[in-house]
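Sequence positions in the sequence shown follow my numbering and run 8 to 489.
The C-beta atom is built at its ideal place from N, Cα and C for all residues, glycine as well.
Take a look at the structure below.
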Amino acid sequence: MPLPAPEPQPQTAKSQRTFPRKIKAGFWLVGIVLLLLGFASYQSLREFEKIVTWVTHSQDILEHLQLVLSDVQDIEIGLRGYVITGKEHFLGPYKNGLDGLNRDRDALAAIMQKTPQDLAEHVRRHEALNILIDRKLFLLKAMLALRQGIPYQSAHMEVQMTESKEILDRIRLIVGDMQQREKTYLMARERQAGEKSQSTVRYFITGLIMELMILLWIVRQIRQEIKQRKQAHDELELRIQERTAALIDSNERLRELSHRLMNVQETERRQIAHDLHDEIGQSLTAIKLGVREAHNMLKSSPLSTLLVDSLTILDQVIEQVRNLALDLRPSLLDELGLVPALKWYMKRQGERAGWETKYAAHLRESHLPPGVGIACFRIVQEALTNIMRHAEATHVQMSVTQQEDYLLLVIEDNGQGFNVEQAKTHARRGISIGLLGMEERAKLVGGELTITSSPKTGTRLTASLPLVGLNPHLTTSEARLA
Numbered sequence: 008m009p010l011p012a013p014e015p016q017p018q019t020a021k022s023q024r025t026f027p028r029k030i031k032a033g034f035w036l037v038g039i040v041l042l043l044l045g046f047a048s049y050q051s052l053r054e055f056e057k058i059v060t061w062v063t064h065s066q067d068i069l070e071h072l073q074l075v076l077s078d079v080q081d082i083e084i085g086l087r088g089y090v091i092t093g094k095e096h097f098l099g100p101y102k103n104g105l106d107g108l109n110r111d112r113d114a115l116a117a118i119m120q121k122t123p124q125d126l127a128e129h130v131r132r133h134e135a136l137n138i139l140i141d142r143k144l145f146l147l148k149a150m151l152a153l154r155q156g157i158p159y160q161s162a163h164m165e166v167q168m169t170e171s172k173e174i175l176d177r178i179r180l181i182v183g184d185m186q187q188r189e190k191t192y193l194m195a196r197e198r199q200a201g202e203k204s205q206s207t208v209r210y211f212i213t214g215l216i217m218e219l220m221i222l223l224w225i226v227r228q229i230r231q232e233i234k235q236r237k238q239a240h241d242e243l244e245l246r247i248q249e250r251t252a253a254l255i256d257s258n259e260r261l262r263e264l265s266h267r268l269m270n271v272q273e274t275e276r277r278q279i280a281h282d283l284h285d286e287i288g289q290s291l292t293a294i295k296l297g298v299r300e301a302h303n304m305l306k307s308s309p310l311s312t313l314l315v316d317s318l319t320i321l322d323q324v325i326e327q328v329r330n331l332a333l334d335l336r337p338s339l340l341d342e343l344g345l346v347p348a349l350k351w352y353m354k355r356q357g358e359r360a361g362w363e364t365k366y367a368a369h370l371r372e373s374h375l376p377p378g379v380g381i382a383c384f385r386i387v388q389e390a391l392t393n394i395m396r397h398a399e400a401t402h403v404q405m406s407v408t409q410q411e412d413y414l415l416l417v418i419e420d421n422g423q424g425f426n427v428e429q430a431k432t433h434a435r436r437g438i439s440i441g442l443l444g445m446e447e448r449a450k451l452v453g454g455e456l457t458i459t460s461s462p463k464t465g466t467r468l469t470a471s472l473p474l475v476g477l478n479p480h481l482t483t484s485e486a487r488l489a
């Protein structure tokens with residue numbers, strides 16, 4: 008009997024319509040604020056990065072101006088030492104200074120090319136500095152040539168040294184003026200960078216406050232909605248629990264009924280197999296003996312041929328009855344137990360189908376609960392029948408082992424395999440119910456059954472059946488039926 012569907016929780020139509028709209032509007036506002044905040048922050052960040060670039064530009068100019076001035080002074084000192092003493096080792100600083108001056112002047116020129124157009128005066132001072140440095144280098148080379156000349160003319164040297172000193176003073180003056188201007192630019196740019204940084208922080212804090220206010224409003228709306236629905240939700244939860252308990256109880260009853268049905272089937276199979284073997288089989292054997300006696304007495308009669316055919320038919324019927332009885336309920340299963348019965352059935356099916364078989368068992372049958380042995384045998388019976396009918400296998404192996412509190416059954420073949428999901432779909436539609444039957448038998452004793460296969464890769468069936476912890480109602484009913 009189907010369970011009635013839970014009633015919908017009470018809620019006004021107005022609340023159902025307005026709540027999603029309010030929440031959607033709130034999130035739209037948050038999105039717009041985030042978008043505006045992101046745009047403002049992006050613009051501010053770009054301006055800040057530009058200012059930082061110009062700050063670095065000013066710092067590089069200050070650094071290279073100082074390097075150029077130091078190089079000029081080093082050249083001046085080295086040459087003066089050589090002029091005064093005439094010793095060659097004073098030319099080392101002079102030559103090193105020339106190399107450093109060329110390198111630093113090139114670097115300064117590259118930096119000055121990036122100077123903004125509104126600082127044209129700064130560029131002109133740099134050009135004037137380069138002219139003075141070139142003049143300075145020309146005088147120094149002339150002084151070096153004059154000192155190395157023979158005879159040495161000190162009067163001419165004094166004039167050139169005086170002019171060289173004047174040029175050096177003018178170089179210091181221009182460099183100092185350029186450094187002072189760059190320091191002014193640097194301070195202004197650092198102040199702008201600070202202002203932009205503060206502006207970015209203000210944008211962020213303002214946007215954060217607006218977002219928090221909107222989120223608080225959304226939270227308030229959600230809390231109100233939760234409060235309105237709480238009572239209905241609790242009632243619905245209680246009804247779901249009641250119906251879940253009823254469903255679990257119904258499933259348990261169905262499982263117990265299924266288990267009892269299978270036990271009744273096993274009892275009927277045992278009885279039918281017994282009747283076939285002991286009554287019908289014996290009757291057929293007696294008839295066979297009578298017909299054989301009649302054949303012996305009437306060998307020369309025209310009826311002899313008919314009696315021979317009758318004996319052949321009787322042999323076939325007796326064999327079919329014996330096989331039917333064994334398929335219904337092997338006597339080995341009741342007399343010797345599961346392991347010998349599985350071994351016999353594996354050998355029998357292998358001889359029928361022409362398989363190469365392998366069987367291994369490590370199981371203490373005294374620990375088998377009622378029903379587990381029957382379930383295991385029926386699963387094997389169905390599996391081997393399916394392999395014979397569909398797999399086209401040449402090798403089949405089976406193992407039965409006990410692992411802690413479980414009986415583990417594994418059957419493998421090298422057949423053509425199949426699509427497991429497709430086969431289960433067909434089984435649910437009633438096309439082939441063998442797979443579902445094996446799964447149901449495993450579930451009824453609390454176990455699991457898995458099949459791994461794909462086309463042209465063979466098949467592996469694994470069944471795990473518990474040896475303890477079965478449903479007490481099921482085990483009791485099994486014991487009664489056994």
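Classified as buried, glycine 380 has 16 or more neighbouring CB atoms from the shown chains inside 10 Å of its CB. Cβ contact annotation for glutamate 54 (same chain, cutoff 8 Å, sequence separation greater than five): Lys203, in chain order. Counting other Cβ atoms within 10 Å of its Cβ, tyrosine 192 reaches 16 or more and is therefore classed as buried. For threonine 92, the three-state secondary structure derived from DSSP is helix. Out of Gly378, Val427, Ser471, the CA that lies nearest to the CA of glutamate 411 is found in Ser471. Here the region 46-61 lies against the region 203-212, with 3 or more beta-carbon pairs under 8 Å apart. Leucine 222 and valine 37 have their C-alpha atoms roughly 8 Å apart. Unbroken alpha helix (DSSP H) runs of no fewer than 4 residues, entirely contained in the region 413-452, are found at 427-435, 441-451, following chain order. Taking a contact to require three or more Cβ pairs closer than 8 Å, the region 400-420 and the region 354-364 qualify as touching. Membership of glutamine 388 in the alpha helix (DSSP H) is indicated by the continuous run 379-393.
Beta-bridge partners of serine 461 (DSSP): none assigned.
Rounded to the nearest angstrom, the Cβ distance from glycine 465 to glutamate 419 is 7 Å, consistent with a contact under 8 Å.
Note that the C-beta distance between valine 407 and leucine 370 is below 8 Å.
The continuous beta strand (DSSP E) containing glutamine 409 extends over residues 402-410. Cα atoms of arginine 236 and glutamate 244: separation of roughly 12 Å, rounded to the nearest angstrom. In this structure alanine 434 touches leucine 442 by the C-beta definition: roughly 5 Å separates them, less than 8 Å. In the structure shown, threonine 469 falls within a strand segment according to DSSP collapsed to helix, strand and coil.
Taken through DSSP and simplified to helix, strand or coil, leucine 36 comes out as helix. Cα atoms of threonine 459 and aspartate 341: separation of roughly 31 Å, rounded to the nearest angstrom. Taking all protein chains shown into account, valine 75 has 16 or more neighbouring C-beta atoms within 10 Å of its C-beta and is therefore buried.
Between aspartate 81 and aspartate 111, the C-beta gap is not smaller than 8 Å, which leaves the two residues out of contact. Residue environment: serine 257 is assigned as exposed (fewer than 16 neighbouring CB atoms within 10 Å of its CB, all protein chains considered). Closest by C-alpha distance to leucine 146, out of Glu83, His129, Val130, Leu98, is Glu83. Beta-bridge partners assigned by DSSP to tyrosine 210: none are found. Ranked by how close their Cα comes to the Cα of glutamine 66, the residues Gly344, Ala200, Ile247, Gln186 have Gln186 in first place.
The three-state secondary structure of threonine 122, taken from DSSP, is coil. Considering only Glu447, Met150, Met168, His133, the residue with the shortest C-alpha distance to isoleucine 178 is His133. Considering only Gln409, Arg359, Gly93, the residue with the shortest C-alpha distance to methionine 150 is Gly93. Counting C-beta atoms within 10 angstroms of its own C-beta, leucine 254 has fewer than 16 neighbours from the protein chains shown and is therefore classed as exposed.
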